[in-house]
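Q: Protein chains in written order, with the numbering used here: chain A, 333 to 628; chain B, 66 to 176. In this text, a Cβ means the ideal position worked out from N, Cα and C, and glycines have one as well.
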Amino acid sequence: MADFLSQYSIQRWLEMCPQGYLEDTVNGHDPGLSEPEEILGNEEIREASIALTVQLIAGERAALAASSGLVNAAPDYASKTFLATQTLDEARHVEIFTQRLMDLGVKKEDVNSTVADYTNPNLVKFAEVLLEKVSNGDFIAGVVGQNIVLEGMAFTVFELLQTTSKELNPKFAQTLAGTIADERRHVGFGENRIGSLIAQHPERKAEIERMQGEMAYHMLATFSDIFTGGASTMTRERDRLAAQGQSIGDAGWHGTDLSTATPADMEAVLADTVLSEFKTRLGRIGLEYQTPKVPA
Amino acid sequence: MNGPVDAAIDEVPPSSFQPESADGDEPPRQRFELEDTGFKEVPKRWRKFYRIWQGEGDSLGPNEVICPVCKVVIRSHREFRPGDRVYCMPCMSRMVVVRRPDGSLEAEVTY
Numbered sequence: 333m334a335d336f337l338s339q340y341s342i343q344r345w346l347e348m349c350p351q352g353y354l355e356d357t358v359n360g361h362d363p364g365l366s367e368p369e370e371i372l373g374n375e376e377i378r379e380a381s382i383a384l385t386v387q388l389i390a391g392e393r394a395a396l397a398a399s400s401g402l403v404n405a406a407p408d409y410a411s412k413t414f415l416a417t418q419t420l421d422e423a424r425h426v427e428i429f430t431q432r433l434m435d436l437g438v439k440k441e442d443v444n445s446t447v448a449d450y451t452n453p454n455l456v457k458f459a460e461v462l463l464e465k466v467s468n469g470d471f472i473a474g475v476v477g478q479n480i481v482l483e484g485m486a487f488t489v490f491e492l493l494q495t496t497s498k499e500l501n502p503k504f505a506q507t508l509a510g511t512i513a514d515e516r517r518h519v520g521f522g523e524n525r526i527g528s529l530i531a532q533h534p535e536r537k538a539e540i541e542r543m544q545g546e547m548a549y550h551m552l553a554t555f556s557d558i559f560t561g562g563a564s565t566m567t568r569e570r571d572r573l574a575a576q577g578q579s580i581g582d583a584g585w586h587g588t589d590l591s592t593a594t595p596a597d598m599e600a601v602l603a604d605t606v607l608s609e610f611k612t613r614l615g616r617i618g619l620e621y622q623t624p625k626v627p628a
Numbered sequence: 066m067n068g069p070v071d072a073a074i075d076e077v078p079p080s081s082f083q084p085e086s087a088d089g090d091e092p093p094r095q096r097f098e099l100e101d102t103g104f105k106e107v108p109k110r111w112r113k114f115y116r117i118w119q120g121e122g123d124s125l126g127p128n129e130v131i132c133p134v135c136k137v138v139i140r141s142h143r144e145f146r147p148g149d150r151v152y153c154m155p156c157m158s159r160m161v162v163v164r165r166p167d168g169s170l171e172a173e174v175t176y
């Protein structure tokens, strides 16, 4: 295990991230890129983009609070070092998505009120389950909740958003590409660090599995609210693109063509993909996936 | 981009190991030249050993496996065989190559 932990260093993070895929970027994308006029000039789409971006900010603020809180709970310095780099990653995510909010026309002084107004209440509950574990200094539950459940969800959501953005919004797609690269490290740490700790603490399994079930329930409720609430806007935007002979391009994703999928189809493939990933990841580290209740 | 070559190429990422058969009863491994595909998530020296999985329509060569943790394609100069140890630098996971019942190869994470 000592050898495994030795790979977590600030130097490694510097070489991979700031000196790697973030080199020469500004706010996570190539300099000079901007939000497309199709978003900025269409009030309904602009507001939908603001609402979506707020969910990303809320999720990343929770991740920032969790990863920074877990630094003190970590039982070894290699884990503290990794979580320190993850803390900076999460702070960067908060910053670049907040910048996107301002690029979409939200004034700096209105950012916090906009985040408060648009954040989905089920996403808040999702975060509260995790942050309670972190506040209690529970390293194992905190890392499972943060690096496997939250980051696993973010990884898949970002992939879906990148697929739907790469043709029509390269700025947002590039921003997402950098966050996906960060998430690779975060889920890798979650699986690798907890895989060995769970084997040493099997008595913790039941409680951690309950937490996963609870977080998954709030996640599904969030997806349901977002896709149901945004269904008419998504459908109108797809019809508008089709009328102009445009589409989101080659958008096959986990067996679904996102360029023609209904909002209900998109919600279904997203939920199925995230839950399937949870099940696989948890199984690999010796935890039994808990099927969440279906939100009413 | 990813074709067989005759020359022996021995460079591998850290924590990776592809042993030759001890009794010599297996044919030599196919060798492949690797080109940088634009993957920027690891230091330059190691970029050719990884690429982004392109999703539907993409396929793996005999010298490629997918990291089950982060979904990046891990590549080698030599074809993979069961028992090979591979390292996914983007997510820092260590794996062993195994053969699935359908005959295909996959990587299993070792903790």
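Just to confirm my understanding: we take B/E144, look at its own chain, exclude 5 residues before and 5 after, and list those with CB closer than 7 Å. What are they?
A: Same-chain partners within the cutoff: R94, Q95, P127 and N128.
Q: Could you name the residues of the same chain whose beta carbon sits closer than 8 Å to that of A/D604, not counting the 5 residues immediately before and after it, in chain order?
A: If we look at A/D604 and ignore the five residues flanking it on each side, its Cβ neighbours are H586.
Q: Hey, A/I472 and A/H550: beta-carbon distance below 8 Å or not?
A: No.
Q: If you drop the 5 nearest sequence neighbours on each side, which residues of the same chain put their C-beta closer than 7 Å to that of A/M422?
A: Note on residue identity: the sequence assigns Glu, not Met, to residue 422 of chain A. The residues are E392, A395, L396 and S399.
Q: So, does the CB of A/V489 fall closer than 8 Å to a CB anywhere in chain B?
A: Closer than 8 Å: no.
Q: Classify B/K105: buried if its beta carbon has 16 or more other beta carbons within 10 angstroms, exposed otherwise.
A: B/K105 is buried by the Cβ-count criterion.
Q: Give, in chain order, every residue of the segment 100 to 131 of chain B whose Cβ lies closer than 7 Å to some Cβ of chain A.
A: Hits within the stretch, in order: K105, E106, V107, P108, G120 and E121.
Q: Taking C-beta pairs closer than 7 Å, name the residues in chain A that B/V161 reaches, listed in chain order.
A: Per Cβ cutoff of 7 Å: no residues; B/V161 is ~13 Å from chain A at best.
Q: What in chain B is Cβ-close to A/E347, meaning under 7 Å?
A: Those within 7 Å of A/E347 in chain B are P108.
Q: In the DSSP assignment, find the beta strand (DSSP E) that holds B/R150 and state where it starts and stops.
A: Per DSSP, B/R150 belongs to the beta strand (DSSP E) from R150 to C153.
Q: I need the DSSP call for A/G618, collapsed to helix, strand or coil.
A: Reduced to three states, the DSSP call for A/G618 is coil.
Q: Go ahead and label A/I428 buried or exposed: buried means 16 or more other beta carbons lie within 10 angstroms of its beta carbon, across all protein chains shown.
A: Its Cβ being crowded by 16 or more others within 10 Å, A/I428 is buried.
Q: Per DSSP, B/I139 is paired with what?
A: Partner(s): B/Y115 and B/V130.
Q: If you reduce the DSSP assignment to three classes, tell me which class B/E173 lands in.
A: It is a strand residue.
Q: Output the distance between the C-alpha atoms of A/D449 and A/A486, rounded to the nearest integer angstrom.
A: Going from the Cα of A/D449 to the Cα of A/A486 covers about 21 Å.
Q: Go to B/M160, then tell me how far its beta strand (DSSP E) extends in each direction, as first and last residue.
A: Looking at the DSSP string, the run of the beta strand (DSSP E) that includes B/M160 is S158 to R164.
Q: Counting only the same chain and skipping the five closest in sequence on each side, list residues whose C-beta sits under 6 Å from that of A/F521.
A: Answer for A/F521: F414 and N479, listed in chain order.
Q: Is the segment 505 to 517 of chain A touching the segment 146 to 163 of chain B in the sense that three or more CB pairs, one from each, lie closer than 8 Å?
A: Result yes; three or more Cβ-Cβ pairs closer than 8 Å.
Q: So what does A/H361 bridge to, in DSSP terms?
A: Paired residue(s): A/V358.
Q: Report the rounded CA-to-CA distance for A/A633 versus A/A505, giving the unit in angstroms.
A: Because chain A is modelled from 333 through 628, residue 633 of chain A falls outside the range shown and cannot be assessed.
Q: Nearest to A/R344 by alpha carbon, out of A/Q418, A/T623 and A/L402?
A: The shortest C-alpha separation from A/R344 is found at A/Q418.
Q: Just verifying my parser: in three-state terms, what is the DSSP assignment at A/T451?
A: Note: A/T451 maps to coil in three-state DSSP.
Q: Which residues in chain B sit within 8 Å of A/S528, going by Cβ to Cβ distance?
A: Those are Y176, listed as they occur along chain B.
Q: What is the DSSP secondary structure of B/A73, counted as helix, strand or coil?
A: Note that B/A73 scores a pLDDT of 44, beneath 50, so its modelled location is shaky and nothing firm can be said.
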